[in-house]
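Okay, structure first, notes after.
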Amino acid sequence: MSRGVNLPILIGGLVATGALVAVLASGFGKDPRAIEGSLDEAINFSLPTLEGEQVDLKALRGQPVVLNFWATWCQPCKIEHPYVLQAARAYQPKGVVFLGILHDDEASTARNYLKRSGSAFPTVFDTSQRVSVDYGVTGVPETFIIDPEGRIFEKFVGPVGPGQIEAALQELL
Amino acid sequence: MNLLLALLLSARLAAAQEDIAFEAMSEPPLSAPLTEDADIEAQTTRVASLLRCPVCQGLSVAESREGLSLAMKDRIREMVTAGYTQDQIIDYFVERYGETIVLLPDQKHWLVWSAPVAALLLGLGYVGWRASRPAPADAPQAAPTEPAPEAPADEYRRRILAELEDV
């Protein structure tokens with residue numbers, strides 16, 4: 522014996538299911554842990570380098586700056602290290618300033634690592650992680666490209682690939 | 207008996223050692239000395255409890271012992287001391303980490319807040335409507351005075367019993 526279709530219930534069910542599918546579909550392809558900040562002004566800081574010199578970001582205004590947050594315990598940082606060095610060697614002569622920011626790590630460990638793996642630019646250390654918080658960094662590596670006016674031009678979360686920094690700088694210059 | 211006692215004692219001792227180890231693990235790590243002003247500390251904890259630890263699963267900044275959360279809490283304390291309001295501090299973190307840093311959705315997302323209430327009201331309304339609706343006029347109604355028609359199962363039972371009697 523067949524029963525007639527209850528039209529109001531059918532329509533209600535379809536509307537509820539449609540709304541649920543629309544909500545879920547809008548989230549497909551998105552990383553739920555992804556952090557999407559809207560910071561566009563580079564925050565100033567003054568931190569010592571591993572060699573003991575003080576670096577003030579404000580003093581670098583007028584030049585593009587590449588900020589690379591990294592740590593020696595971070596494997597993806599080791600993967601991207603040669604690519605960051607390559608970009609620095611190519612663009613420092615063109616007036617781009619490269620600066621590493623040591624995140625949650627020891628200065629002596631970083632010095633030893635850079636001695637072994639090579640270095641092309643200074644690294645400052647942020648013992649309190651204050652600069653990491655100011656830039657909305659959640660993990661390392663993260664790389665920020667700041668334009669000469671002090672605005673954040675590009676942000677890379679995770680390790681950069683070969684040529685990625687160069688492509689962004691090409692666009693900026 | 208002595209063996210049983212010894213086993214019970216050693217089990218109790220092991221459990222006590224585990225408790226001590228757990229207490230030692232759950233002790234907060236040494237961090238910067240707390241501010242003298244208890245109000246500042248209370249306000250810091252209140253704001254920190256509204257923010258999600260970005261590197262943890264389901265923990266607020268106030269609950270987490272991750273280095274980044276401790277740094278965020280230090281920043282909140284600094285801003286509270288400087289006189290920033292709760293909304294200003296939350297805006298500072300939203301600008302850097304996006305809206306997902308806030309544990310509760312913003313009031314502007316009215317649909318998120320109103321949808322569960324609307325669904326509950328709709329459900330209650332539907333149940334109420336169904337309960338108060340009179341039965342349809344064409345629905346078959348059993349007359350109390352007439353005997354109920356014999357159900358097919360009873361008919362089969364009667365026939366089986368009749369055939370068994372014949373055997």
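Protein chains in written order, with our numbering: chain A, 522 to 694; chain B, 207 to 373. From the three backbone atoms N, C-alpha and C, an ideal C-beta is built for every residue, glycine too. No experiment lies behind these values; they were computed from the predicted model shown.
Rounded C-alpha distance that separates residue i from residue j
i              : j              : result
A325 (chain B) : L276 (chain B) : 39 angstroms
L330 (chain B) : G660 (chain A) : 47 angstroms
P235 (chain B) : V253 (chain B) : Low local confidence applies: a pLDDT of 41 at P235 (chain B) is under 50, so the model's placement there is unreliable, with the coordinate-based value given in what follows. The straight-line gap from Cα to Cα measures roughly 21 angstroms.
T570 (chain A) : T644 (chain A) : 5 angstroms
A244 (chain B) : E284 (chain B) : 14 angstroms
G621 (chain A) : Q650 (chain A) : 14 angstroms
D647 (chain A) : E687 (chain A) : 26 angstroms
Y290 (chain B) : Y298 (chain B) : 10 angstroms
Q249 (chain B) : R271 (chain B) : 18 angstroms
L545 (chain A) : N633 (chain A) : 48 angstroms
A337 (chain B) : A368 (chain B) : 45 angstroms
L328 (chain B) : R339 (chain B) : 16 angstroms
G657 (chain A) : Y612 (chain A) : 26 angstroms
L317 (chain B) : V308 (chain B) : 17 angstroms
A341 (chain B) : G334 (chain B) : 14 angstroms
V586 (chain A) : I282 (chain B) : 28 angstroms
D561 (chain A) : Q584 (chain A) : 17 angstroms
A631 (chain A) : Q607 (chain A) : 19 angstroms
G671 (chain A) : P614 (chain A) : 20 angstroms
E572 (chain A) : L310 (chain B) : 44 angstroms
Start-to-end residues for the alpha helix (DSSP H) that takes in residue i
i              : result
E301 (chain B) : Q292 to Y303
L606 (chain A) : Q596 to Y612
A279 (chain B) : The sequence shown places Lys at residue 279 (chain B), not Ala. Its alpha helix (DSSP H) spans residues G273 to T287.
V587 (chain A) : Not the alpha helix (DSSP H): V587 (chain A) falls in the beta strand (DSSP E), residues V586 to W591.
P569 (chain A) : Note, P569 (chain A): premise wrong, no alpha helix (DSSP H); beta strand (DSSP E) at S567 to P569.
L560 (chain A) : Here L560 (chain A) belongs to no alpha helix (DSSP H), and DSSP marks it neither H nor E.
V654 (chain A) : R651 to D655
T664 (chain A) : Per DSSP, T664 (chain A) belongs to no alpha helix (DSSP H); it is in the beta strand (DSSP E), E663 to I667.
T648 (chain A) : No alpha helix (DSSP H) holds T648 (chain A); DSSP gives it neither H nor E.
V323 (chain B) : W316 to S338
V536 (chain A) : L528 to G548
K615 (chain A) : No alpha helix (DSSP H) contains K615 (chain A), which DSSP labels as neither H nor E.
A628 (chain A) : A628 to S638
Close-in-space but distant-in-sequence residues of the same chain around residue i (CB under 6 angstroms, 5 per side omitted)
i              : result
I600 (chain A) : P680
F566 (chain A) : L578 and V652
F674 (chain A) : I666, D668 and L693
D655 (chain A) : I564
F642 (chain A) : A609 and F619
T664 (chain A) : N589, F677 and V681
E371 (chain B) : none
Any non-hydrogen atom of the ligand FMN closer than 7 angstroms to residue i Cβ
i              : result
D372 (chain B) : No copy of the ligand FMN appears in this structure; indeed no ligand is present at all.
Residue i: first and last residue of the uninterrupted beta strand (DSSP E) it sits in
i              : result
V681 (chain A) : Here V681 (chain A) belongs to no beta strand (DSSP E), and DSSP marks it neither H nor E.
E247 (chain B) : That residue, E247 (chain B), is in no beta strand (DSSP E); its alpha helix (DSSP H) goes A244 to A254.
G621 (chain A) : V618 to H624
A687 (chain A) : This sequence places Glu at residue 687 (chain A); Ala is not what is there. Run containing E687 (chain A): none in the beta strand (DSSP E); it sits in the alpha helix (DSSP H), Q685 to L693.
S576 (chain A) : One point to set straight first is that residue 576 (chain A) is Val, not Ser, in the sequence displayed. Element bounds for V576 (chain A): Q575 to D577.
8 angstroms CB neighbourhood of residue i in its chain, flanking five on each side removed
i              : result
P597 (chain A) : V661, P662, G679 and P680
Own chain, CB closer than 7 angstroms to residue i, minus 5 neighbours either side, in chain order
i              : result
P239 (chain B) : Confidence is the limiting factor: at P239 (chain B) the pLDDT is only 48, short of 50, which leaves the residue's position unreliable and the question unanswerable from this model.
T251 (chain B) : A268
Interface flag, residue i vs chain C, CB-CB below 8 angstroms
i              : result
P603 (chain A) : No chain C is present in this structure, whose protein chains are A and B.
If the cut-off is 9 angstroms on Cβ atoms, which residues from the region 273-291 of chain B count as contacting chain A, listed in chain order? G273, L274, L276, A277, M278, D280, R281 and E284
Can you find at least 3 beta carbon pairs, one from the region 635-644 of chain A and one from the region 532-548 of chain A, that sit closer than 8 angstroms? no
Check each residue of the region 604-628 of chain A: if its Cβ is closer than 8 angstroms to any Cβ of chain B, include it; give the result in chain order. D625
Contact between the region 586-603 of chain A and the region 614-629 of chain A is defined here as three or more beta-carbon pairs at a separation below 8 angstroms; is this criterion met? yes
Do the region 292-309 of chain B and the region 257-274 of chain B meet, that is, are 3 or more Cβ pairs less than 8 angstroms apart? yes
Selection of the region 625-656 of chain A by Cβ proximity to chain B, strictly under 8 angstroms: D625, S649, Q650, R651, S653, V654, D655 and Y656
Which residues, in chain order, does the region 559-580 of chain A contribute to contact with chain B at a C-beta distance below 7 angstroms? S559 and L560
Check distances from the C-beta atoms of the region 242-272 of chain B to those of chain A and list, in chain order, the residues that come in under 7 angstroms. P260 and V261
Can you give me, in chain order, the residues of the region 300-312 of chain B that have a beta carbon less than 9 angstroms from any beta carbon in chain A? V300, E301, R302, Y303, G304, E305, T306 and I307
Residues of the region 655-687 of chain A in Cβ contact with chain B at a cutoff of 9 angstroms, in chain order, please. D655, Y656, G657, V658, T659 and G660
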